[in-house]
Amino acid sequence: MSRCLAWVLLVASTVSCWDGNEIASPERKSGAGAADSAVIDWGIIRIATGESCDPSNPIISCDLELVCTPAAVEFGDNVACSIGPEAEVTQWRFLWDGGSLSGPTSGNSWSGPVVVSGTVMVEFLVNGAPGSETAAVNVDRRSSWTWASQVNGAQASPGEIDQCFSPSDLGLASGQSCTGGQYAKALFTPVDVPPVGGSQPYGMQQVSGDGPNGSLWYIVSPTATMQLRSQVRVEFRPDGPAFAMVGDSIIVTACLNSLGAGARSTHTVNTSCLNTSGFADFMSFAWDHEADHVSAGIPAAQQADGDVHLLWEPLARASQSDLQFAARSAFLAAHSHISDAMESTHTGGTTEFEFWRFLSGAWTWAITVVGH
Numbered sequence: 156m157s158r159c160l161a162w163v164l165l166v167a168s169t170v171s172c173w174d175g176n177e178i179a180s181p182e183r184k185s186g187a188g189a190a191d192s193a194v195i196d197w198g199i200i201r202i203a204t205g206e207s208c209d210p211s212n213p214i215i216s217c218d219l220e221l222v223c224t225p226a227a228v229e230f231g232d233n234v235a236c237s238i239g240p241e242a243e244v245t246q247w248r249f250l251w252d253g254g255s256l257s258g259p260t261s262g263n264s265w266s267g268p269v270v271v272s273g274t275v276m277v278e279f280l281v282n283g284a285p286g287s288e289t290a291a292v293n294v295d296r297r298s299s300w301t302w303a304s305q306v307n308g309a310q311a312s313p314g315e316i317d318q319c320f321s322p323s324d325l326g327l328a329s330g331q332s333c334t335g336g337q338y339a340k341a342l343f344t345p346v347d348v349p350p351v352g353g354s355q356p357y358g359m360q361q362v363s364g365d366g367p368n369g370s371l372w373y374i375v376s377p378t379a380t381m382q383l384r385s386q387v388r389v390e391f392r393p394d395g396p397a398f399a400m401v402g403d404s405i406i407v408t409a410c411l412n413s414l415g416a417g418a419r420s421t422h423t424v425n426t427s428c429l430n431t432s433g434f435a436d437f438m439s440f441a442w443d444h445e446a447d448h449v450s451a452g453i454p455a456a457q458q459a460d461g462d463v464h465l466l467w468e469p470l471a472r473a474s475q476s477d478l479q480f481a482a483r484s485a486f487l488a489a490h491s492h493i494s495d496a497m498e499s500t501h502t503g504g505t506t507e508f509e510f511w512r513f514l515s516g517a518w519t520w521a522i523t524v525v526g527h
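Residue numbers (the working numbering): 156 to 527.
Here it is as structure tokens:
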């Protein structure tokens, strides 16, 4: 039912709705005494507030209401929207943050399963006059959609993520699946998603029927993850490459006396040939520095802006390709959020460490400068 409003123009005043009473329109009488006074005659108009509108009566204006029930819908459940019979519906629409979906062009109801929150709009005519109404549709989100308990980090094993180091990196914190090049600091598995590259770590399903969300595509079964690794350049690790013992006679002699002839790694030269305190300090600093990046990345990934699964959950688009673009946009936004958090551990400044290094084809006592 819709509330009816009425108005009658009376010289310079208006008459509003009056429950259950009779209101008359004024009519000036002619005849004796007409010049001195106005005799008002009232033609009767019955206004019953709350009664159905009468489209044939141009005096009565109908305040139509679009109603969608239930107000809060479980994901995938049906919503039913309707408007009063006085409306001659010309178009139903569903509007959401991913676009607009056109529905039927007739009928006073529209229903079907929904997977995304938005606004139902109906356009109509009443007595030839156009109008429109809207109603919100709120879909309860899928609560299990988070990767918070899955993301993790650890110190890399020997050789792990070595392919992701640039020539200037002394240490690195990156994703377990990084591949070097443009994905040298890729934090996620997979390192990228369609439509640009990588594998698709989710499924896509389509809403059935022709209701408010009919034919929309949405994401199911996400498998993307983040496993961070901290690593120190292979040159400095025990598994690092060995170099011929040529160069400064101090370290060459020390290695010959301690270990005999043969090529030695930077780690061996600074821990077995000579016990170099600067090298021990450098290694401790390098591992701690990269571990700090990892420690900052994990909680950032557990926040709403960094949780890829959570960001994917409400996405719905009119086509599979549009859904892929939206999913990648959320994927990259989460990556930036986490990367920024990891980089925020840099405090500025530098520290110098002195130890033996093989540079320009010879062993030499060198100063290695490391940024904080």
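Virtual Cβ for every residue (Gly too), placed ideally from N, Cα, C.
In chain order, Met-400 place their CB closer than 8 Å to the CB of Leu-411, counting only its own chain and leaving out the 5 sequence neighbours on each side. Sequence-distant Cβ neighbours of Asp-403 in its own chain, meaning closer than 6 Å and more than five residues away, are Trp-518 and Thr-519. About 5 Å separates the beta carbons of Ser-385 and Val-449, which is inside the 8 Å limit, making them a contact pair. In the structure shown, Asn-368 adopts coil according to DSSP, grouped into three states.
When Cβ pairs closer than 8 Å are counted between the two stretches, the region 464 to 483 is seen to touch the region 250 to 257, the count reaching three or more. Taking a contact to require three or more Cβ pairs closer than 8 Å, the region 457 to 465 and the region 299 to 307 qualify as touching.
Between the beta-carbon of Cys-319 and that of Gly-335 there is about 5 Å, and that keeps the pair under the 8 Å contact cut. Per DSSP, the continuous alpha helix (DSSP H) segment holding Gln-479 begins and ends at 475 to 498. Within the same chain, Cβ atoms closer than 8 Å to the Cβ of Glu-315 are found at Gln-331, Arg-384 and Gln-386, the five residues on either side in sequence being excluded. Taking one beta carbon from each stretch, the region 437 to 452 and the region 281 to 294 have fewer than 3 pairs nearer than 8 Å; the two do not touch.
By the neighbour-count definition (other C-beta atoms within 10 Å, threshold 16), Leu-325 is a buried residue. Rounded to the nearest whole angstrom, the C-alpha separation of Glu-243 and Ser-363 is 27 Å. If you draw a straight line from the Cα of Ser-476 to the Cα of Gln-305, it is about 28 Å long. For Cys-223, the CB contacts under 6 Å within the same chain, skipping 5 residues up- and downstream, are Val-234, Cys-236, Val-275, Ala-290 and Val-292 in chain order.
Around the Cβ of Ala-226, a 10 Å sphere holds fewer than 16 other Cβ atoms; the residue is exposed. In the displayed model, Asn-425 falls within a helix according to three-state DSSP. Beta-bridge pairing by DSSP links Leu-383 to Gly-308 and Gly-330. Pairing Tyr-373 with Val-270 gives a Cβ-Cβ distance under 8 Å.
Distances from the alpha-carbon of Asp-295 to those of Ala-521, Ala-435, Phe-230 and Gly-415 put Phe-230 closest. The beta carbons of Ser-354 and Ala-339 sit no closer together than 8 Å.
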